[in-house]
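What follows is a set of notes on a single structure, which appears directly below.
Residue numbers (the numbering used here): 577 to 1419.
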C-alpha cells in the first residue's frame, strides 16, 4: 500500500499546470458515492434527465419490422441497378418513409428508423438465423438478450420478407466462398477462431470525421460530391465505378437532408398543437435547430449535438456495424461551446443538460444479434459507442478543457450503458481531470475507461500514420485506437481462441475430448507425448499460430470482399478522407488508411498452461507428457492432486510479478502479434493485432476442453490481459501491484489494435480520501509503466451475488464487463459468474 500513497508535493506540482478554465459545473474533487446503492435517489440534477432515464429502463426490447419492409421494397424496385446505387436507394427509401418519433422530454431528435429501444432488421447481411430462431429458438425465450416481436402478424411479415433475401445476403456469399479447412476452424465448426462480427453484420468500429460534418454540414459535403462528379472524365478507366459511387453518394446525402427536414416539420406541427408553453418553445427550438442543420452548419452547441445524433443514427441505419463511435467529442464540439459561452447565449448548466439528454438518447439504438453471438458477447446495444476525452492535441500539448469536465459530469449523472466514456491520460494530464476521473470510477458504474497516450500513440505510429494524426487518435469499440475520419480499420474483426490452439499444440493437432475426440483439426506439430524439450513446445506454438492465423486472415479477406460486393456504404464513406477525392467507397479501400484487426483471446490461459508443462514435465520432471495429457482428456477427473497443483502457487503463474511466468505470457503475446501484423488485406491495407477478449472469454470457454492452466471443460478462458481465474482458484495472489508489473512487462504498442485490462476492487478498498488517493497513485503507476488501457469494477462479489438473488432491486446496476459496461441483471448467468469469480483485489 505504501507504494501507492499519494505524494502531496507531486500532486501540488501537478495542480500548478492545470487549466483554470477546465472546471465543469461541480468541484473536481466532488465525491459521487462509493459503488452502487440500492434505492438510490436520482443522480442527475435535471428532472428531465431522470425521467428520460427511467422511461428507458421501463421500455421493453422489441424487434421492429419497418426497416426490413422498406429496404426490401427498395431492392425489389431497383434490382437491375448497380449494387452501390441500389444500396443508396434503399437508404433513401428508409429515410423518406420511416415513421418518425418525438418523445416527451426530448431535446435531441432522431432514431435508427425504429422506435426507441426497438431493433431494426438488416437482411442485407444475414437472414438464415432470423428465420431459424423465429421458428425454432424464439428471441423472447433466450436466457439473456431477449427481444420481443409485437404480434403474430409482424412475426409472419418478418418471415415473409426474409424469404426474399434467401440467396442474396452477405452471410450466404461469405459461407459459399470459404473452403472446408476455413469452415472447420471457424464459428461454423470447432471455433478455434470466430468471425461472427463481420460475417453477420456490417462494417463498424470507426469514428467518422465529425469536424468535417460540423464545418461543412450535409449541404457542403453534398457540394463536394457534386463537384467531384462534375470533374470526372470518361477517359478515366474506372469511370463507370466512380460514376456509380458519386451517384450513390449524392442520393444518400440528399436523403439525409430531407430526413432532417422531416423532423423539423414534425416538431413544428407538434409545437403548433402543444398547449404547455414551455414545451411549445422547446419544440419550436428543436424545429429551428433541424431547419438550420438540414441546409447549413450548426451555429450553437445544441445544434451541433443535434447534428451529431442525426449523423450517427443514419450511420447505424445504413451500415449495421457495431461500435459506431464518437471520436474526441470534447475537441470537435469545443468551438460551439466556446462560441456560446463567449456570447453569453447559454448557461453552462444548459449545455450539461443537453449532454445528459444526449447521453440517455445514445442508449436507444438496439441491435438484434444471433444466438451464437450473444452466447459469446452479451448485450443488446449496438456495442462500442465510445466517446473519447482528454489526451494531447496535435502538437503534443494537453488538450483538457471545460467540456472534458462537463462530459465526465454528464456520465456520472446519467450512469447508463452508453456512451462508453474513455479518458486519455498522459504525463501532463491535469490533477483535476485525474481526480474527477477517479471519483467517477469510485462511483461504481463502470465508467470511464482509461487509455495511455504513450503506448497508444506509439501503436498508431506502428500503423504508418503521421505523428499529428497519431496524437489525434480516438477509441472505438472496447479498446481499439483509430484515426477518426481517416481510418477504416475493420477493428474487432475476429477472435483467435488461443486455448483451443494450445489444445492442438499438446495433442498433435487433434481434438482432446468430446464428440469429435481424436479428429485431426490442425497440423500435427507434435504432442506432449513426443516433445523432448520445452523449446520444442514453443516451436509448436509458433507453428500452430502460423497455421491458424492463415486460416483466420484468409476468412477475413474473403469476408471483406463479399462485404464490398454486397453492401457498400456511400453515406458513411462521405465522411472519410479519401473517398470523395478518389471516387471509391470505403469498402473498396477509399479511406486514407485501411486495416483489418483481429484479436487473440486467452493468452494468460496459454501462458499458465506452458508454465505447468515447463515446471512439471521438464524442470522438475514430476509428470510425464502422457500424464498431463490424460488429465485434461479426463477433464481432471481422477487427477485431483495434479488439478490442485496446477491451480496452486507451486506453479509460477502470470500476474504475480514472476519473471519466469511473465516471460511465457510475453512469448504468447509477441508470437500472436508477429503472425498477424503486416499481412495484406483486399483494400490495400495491412492487418493489425489486438490482445483482448472483451467478454468472449466466457462464450469461448463453453466450447473449449480442459486446459493445463487448471480449467475444466466449459469454464471461461482467461479474461483479456488479466491473469487466470478458474473454479480451482485465482492464479494472481500477490495483489494489484504484482498484476500491473506482470501486465506491463510486454510492449503494449505491439498490439496496434489495442489491449484490455480489467481490475476489480471492493468498495471498502478505495473508500475515503486515503482510498481515493491510493487508487489515483495506482493509476499513475500503471500509466508510468506504459500499460495501454485499464478499467475498473468497484464492486464486491457479495453485491453481485445479492443482485443475482434479487434482480428486481438492482435493475440499473452497471458493471464493467470488459471494454463496456452493462446492466448486471441482464447478463447471462455464465457471464455473471465470471464477473464474480474475477479476483477481488485490495491495496
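All residues carry an ideal CB built from backbone N, CA and C; glycine is no exception.
Taking C-beta separations shorter than 7 angstroms and ignoring five residues to either side along the sequence, the partners of residue 985 in its chain run 600, 601, 602 and 928, following chain order. Between the C-alpha atoms of residue 635 and residue 681 there is a straight-line separation of about 15 angstroms. Residue range 1365-1370 is occupied by the beta strand (DSSP E) that includes residue 1365. Within the model, the alpha-carbon separation for residue 1000 versus residue 1309 is close to 29 angstroms. Put simply, of 1056, 968 and 1209 the residue whose alpha carbon is nearest the alpha carbon of residue 962 is 1056. Beta-bridge analysis with DSSP links residue 996 to 962.
The straight-line gap separating the alpha-carbon atoms of residue 930 and residue 997 is approximately 16 angstroms. Buried is the label assigned to residue 1064, since at least 16 other Cβ atoms lie within 10 Å of its Cβ.
The straight-line gap separating the alpha-carbon atoms of residue 977 and residue 966 is approximately 8 angstroms. Residue 1184 is positioned such that its CB atom lies no closer than 8 angstroms to that of residue 1215. Contact between residue 1277 and residue 719 fails: their C-beta atoms lie close to 16 angstroms from each other, not under 8 angstroms.
Following the DSSP letters along the chain, one finds residue 885 inside the alpha helix (DSSP H) bounded by residues 877-895.
For the pair residue 1145 and residue 895, the CB atoms are nearer than the 8 angstroms cut-off. Remark: C-beta atoms of residue 873 and residue 764 do not approach each other more closely than 8 angstroms. The criterion of a C-beta distance shorter than 8 angstroms is satisfied by residue 697 and residue 639. When the alpha-carbon of residue 1182 is set against those of 605, 1133, 1282 and 1202, the nearest one is in 1282. Rounded to the nearest whole angstrom, the C-alpha separation of residue 1363 and residue 1119 is 29 angstroms. Less than 8 angstroms separates the beta-carbon of residue 1390 from that of residue 991.
As a beta-bridge residue in DSSP terms, residue 1026 pairs with 999 and 1366. Taking all protein chains in view, the Cβ of residue 1079 is crowded by 16 or more other Cβ atoms within 10 Å, so the residue is classified as buried. Pairwise C-beta distances place the segment 1006-1020 out of contact with the segment 945-956, as fewer than three of them are shorter than 8 angstroms.
946 is the residue among 1076, 1374 and 946 whose C-alpha sits nearest the C-alpha of residue 776. With 16 or more other CB atoms across the displayed protein chains lying within 10 angstroms of its CB, residue 761 is buried. Taking 8 angstroms as the cut-off, the beta carbon of residue 1150 is found closer than this to the beta carbon of residue 829. Under a 10 Å Cβ-count criterion, residue 987 is classified as buried, with 16 or more other Cβ atoms of the shown protein chains found around its own Cβ.
Between the alpha carbons of residue 628 and residue 1125 lies a gap of roughly 46 angstroms. Residue 1057 carries a strand assignment under DSSP once its states are collapsed to helix, strand and coil. Burial is judged here by how many other beta carbons sit within 10 angstroms of a residue's own beta carbon; residue 1327 has at least 16 and is buried. Judged by their CB atoms, residue 1234 and residue 611 are not nearer to each other than the 8 angstroms cut-off. Residue 1301 has 1306 as its beta-bridge partners, per DSSP. Under a 10 Å Cβ-count criterion, residue 1140 is classified as buried, with 16 or more other Cβ atoms of the shown protein chains found around its own Cβ. Going by beta carbons, residue 885 and residue 934 fall inside the 8 angstroms limit. Remark: C-beta atoms of residue 1244 and residue 1189 do not approach each other more closely than 8 angstroms.
Residue 774 holds the alpha-carbon nearest to the alpha-carbon of residue 749 among 766, 774 and 727. Here DSSP, grouped into helix, strand and coil, assigns residue 811 to coil. A Cβ-Cβ separation of about 16 angstroms leaves residue 1090 out of contact with residue 1098 under the 8 angstroms criterion.
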